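K.L.:
There are 2 protein chains.
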Amino acid sequence: MAAGNEANPRSRSTAVREGTSVDDMVTRLSQEIVAGDWPPGTRLTAAGIAQRFAVSRTPVREAFGHLFAMGLVERRPNRGVVTASIDEQELFAMFEAMAELEAACARFCALRMPLAERRALQALHESARAWLDESHRAQYSAFNDRFHSALYEGSRSDHLIELTRATRARLQPFRHTQFAIERRTLHSFDEHAAIVAAVVAGDAAAAAEAARAHVLSVARSARCYVEARSESAP
Amino acid sequence: MAAGNEANPRSRSTAVREGTSVDDMVTRLSQEIVAGDWPPGTRLTAAGIAQRFAVSRTPVREAFGHLFAMGLVERRPNRGVVTASIDEQELFAMFEAMAELEAACARFCALRMPLAERRALQALHESARAWLDESHRAQYSAFNDRFHSALYEGSRSDHLIELTRATRARLQPFRHTQFAIERRTLHSFDEHAAIVAAVVAGDAAAAAEAARAHVLSVARSARCYVEARSESAP
DNA sequence: TGCCTGCGAAGTGCATGCACTTTTATAAAT
DNA sequence: ATTTATAAAAGTGCATGCACTTCGCAGGCA
Numbered sequence: 000m001a002a003g004n005e006a007n008p009r010s011r012s013t014a015v016r017e018g019t020s021v022d023d024m025v026t027r028l029s030q031e032i033v034a035g036d037w038p039p040g041t042r043l044t045a046a047g048i049a050q051r052f053a054v055s056r057t058p059v060r061e062a063f064g065h066l067f068a069m070g071l072v073e074r075r076p077n078r079g080v081v082t083a084s085i086d087e088q089e090l091f092a093m094f095e096a097m098a099e100l101e102a103a104c105a106r107f108c109a110l111r112m113p114l115a116e117r118r119a120l121q122a123l124h125e126s127a128r129a130w131l132d133e134s135h136r137a138q139y140s141a142f143n144d145r146f147h148s149a150l151y152e153g154s155r156s157d158h159l160i161e162l163t164r165a166t167r168a169r170l171q172p173f174r175h176t177q178f179a180i181e182r183r184t185l186h187s188f189d190e191h192a193a194i195v196a197a198v199v200a201g202d203a204a205a206a207a208e209a210a211r212a213h214v215l216s217v218a219r220s221a222r223c224y225v226e227a228r229s230e231s232a233p
Numbered sequence: 000m001a002a003g004n005e006a007n008p009r010s011r012s013t014a015v016r017e018g019t020s021v022d023d024m025v026t027r028l029s030q031e032i033v034a035g036d037w038p039p040g041t042r043l044t045a046a047g048i049a050q051r052f053a054v055s056r057t058p059v060r061e062a063f064g065h066l067f068a069m070g071l072v073e074r075r076p077n078r079g080v081v082t083a084s085i086d087e088q089e090l091f092a093m094f095e096a097m098a099e100l101e102a103a104c105a106r107f108c109a110l111r112m113p114l115a116e117r118r119a120l121q122a123l124h125e126s127a128r129a130w131l132d133e134s135h136r137a138q139y140s141a142f143n144d145r146f147h148s149a150l151y152e153g154s155r156s157d158h159l160i161e162l163t164r165a166t167r168a169r170l171q172p173f174r175h176t177q178f179a180i181e182r183r184t185l186h187s188f189d190e191h192a193a194i195v196a197a198v199v200a201g202d203a204a205a206a207a208e209a210a211r212a213h214v215l216s217v218a219r220s221a222r223c224y225v226e227a228r229s230e231s232a233p
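Just so you know, the sequences run in chain order H and L.
0 is the number of the first residue of the first sequence in numbering that gives the first Met the number 0; add one for each residue after it.
0 is the number of the first residue of the second sequence in numbering that gives the first Met the number 0; add one for each residue after it.
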């Protein structure tokens, strides 16, 4: 159902003490869940995953712990883990929280970003003009990631950045689809422009409001997408 | 150093399948770390903890994973876990994020709390008058927890509530001490009053600002406390 | 004396086995 | 035919063993 079999029997001696076998599994599994390879509710058996990654069940259980902490799977005592399902209400709640987090980041940017960094943010934003056309969807998506990262980092508030990134990661599969919607790229660019203008002007309230509006706008697009998908395959 | 030895050899048969041995350890260890029983940087050995809780090292490792996810310990590959140390800068970053989170909660309260709940919040706040005196410090602290919880729940935004609670938990040991400071209780009460007034009035911006100011005020108290402690025992 | 080197203890990380629980398949009874 | 009882299969959760890594310390060398 998901990616192929990685049971690559590289000489055991190299696998031992690799030190990252758990992290490796966490990375791959989270990517797959987030990408939608495993439909919500899919049961993940320790033995199955262990075989796939050619390790024993012990590290797999540890990896499950990480995935649980990330909110990507649900744990039921004595009954294993299943991939988490996000219903529409939870999804909107997460976008709502995301909007507040990004608003806080934008607010701090407006308050304390150094002048050079404000100019850099503006330049980054302007650079996206080249990717506005539908044919450069991938490039615009990559730019979008950089833009939002710059907004987070600009807040200079490590814990806020951490929370924002974590929430963003969980929303990844739903944000990712937004640019499939007609003209969304243009709206996104305009909304970014409002954020940048407020940050450059040092207007904290306006920056927060613009960032909030932007995320909620993305949320509406995602909601359309989810509704469309759930109708097509109920 | 921390609590006593729980190696209670209850008949193995009851311990088996208890289903909660890991959760139990996580709860206890997190409480102890948060309470400061284990000074930051203390090394936690799997064997030691296993002996203390009368389990094997496997569930202990799983518990370590949870503690790591909570940010209470740091993990170094092949070198075990040590209790996390929060330096002053990180501490302030967390309070800063907390201020934004509570501001967002207060904002949503002002926007969407039902009338009955606003009245309940006001009543809860008023009830604290009875505990303003220094001699009722414990009662005021308990009230304070309820008040903030009501503010989170009132936001009606599950993910935001989750983030706020998680951050609050990590700040617990530092918030906890605030009421040791002279007259802090009175300031706290006044700040709460401002939040309540804005929420009741439905003024989102004022509610957010009042909540933010309140948390930052707590942060200043905590900072004084940390500075005092680090001077006394360097 | 100061720096490297190799040994040993301590401790992590993973594999495996087993007891127990849940689930599924099968058989009996109404 | 449907429901209930039962047994086997599948799978979780923990204990234990062992290979490997790290760290501390004594002895060799300059």
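Beta carbons: idealized from backbone N, C-alpha and C, even for Gly.
Model, not experiment: these values are computed from the prediction.
Hey, how far is the Cα of H/Ile48 from the Cα of H/Gly40?
P.N.:
Each residue's Cα considered, the two are about 16 angstroms apart.
K.L.:
Three-state secondary structure (DSSP) at L/Leu71?
P.N.:
coil
K.L.:
Quick check: the segment 68-84 of chain L against the segment 131-138 of chain H, are there 3 or more CB pairs under 8 angstroms?
P.N.:
no
K.L.:
Mapping the DSSP letters down to three states, classify H/Val217 as helix, strand or coil.
P.N.:
When secondary structure is reduced to three states using DSSP, H/Val217 falls in the helix class.
K.L.:
Around the C-beta of L/Val214, are 16 or more other C-beta atoms found within 10 angstroms, so that it is buried, or is it exposed?
P.N.:
buried
K.L.:
Can you name the start and end residues of the alpha helix (DSSP H) that L/Thr82 belongs to?
P.N.:
Where L/Thr82 is concerned, there is no enclosing alpha helix (DSSP H), although the beta strand (DSSP E) it sits in stretches over Val80 to Thr82.
K.L.:
Between which two residues does the alpha helix (DSSP H) holding H/Glu87 run?
P.N.:
Glu87 to Arg111
K.L.:
Where does L/Leu162 sit, in a helix, a strand or coil, going by DSSP?
P.N.:
Three-state result, L/Leu162: helix.
K.L.:
Grouping DSSP H, G and I as helix and E and B as strand, with all else coil, what is L/Arg222?
P.N.:
helix
K.L.:
Among the candidates H/Phe173, H/Arg117 and H/Arg169, whose CA atom is the shortest distance from the CA of H/Glu152?
P.N.:
H/Arg117
K.L.:
So, is the C-beta of H/Val214 closer than 8 angstroms to a C-beta in chain L?
P.N.:
No, because no Cβ of chain L sits closer than 8 angstroms to the Cβ of H/Val214.
K.L.:
Rounded to the nearest angstrom, how far is the Cβ of H/Phe107 from that of H/Ala218, given a contact under 8 angstroms?
P.N.:
Not confirmed; about 22 angstroms, so no contact.
K.L.:
For L/Val198 versus L/Met112, is the C-beta distance shorter than 8 angstroms?
P.N.:
Contact flag set, yes.
K.L.:
Round the Cβ separation of L/Arg183 and L/Ala221 to the nearest angstrom and send it over; I've been treating them as touching at under 8 angstroms.
P.N.:
Contact flag wrong, Cβ pair sits at about 10 angstroms.
K.L.:
List, in order along the chain, the chain H residues whose C-beta lies closer than 8 angstroms to that of L/Gly64?
P.N.:
Glu61, Gly64, His65 and Ala68
K.L.:
Below 9 angstroms on C-beta distance, what does L/Leu150 contact in chain H?
P.N.:
Simply none; closest approach about 14 angstroms.
K.L.:
Under 7 angstroms, CB to CB, which of the residues in the segment 82-106 of chain H have a partner in chain L?
P.N.:
Glu89, Ala92, Met93, Glu95, Ala96, Glu99 and Ala103
K.L.:
Taking DSSP as the reference, what is the three-state secondary structure of H/Met24?
P.N.:
helix
K.L.:
Find the nearest neighbour of L/Phe188 within the set L/His158, L/Arg27 and L/Ala129, judged by alpha-carbon distance.
P.N.:
L/Ala129
K.L.:
Please report the straight-line C-alpha distance between H/Asn143 and L/Ala209, rounded to a whole angstrom.
P.N.:
33 angstroms
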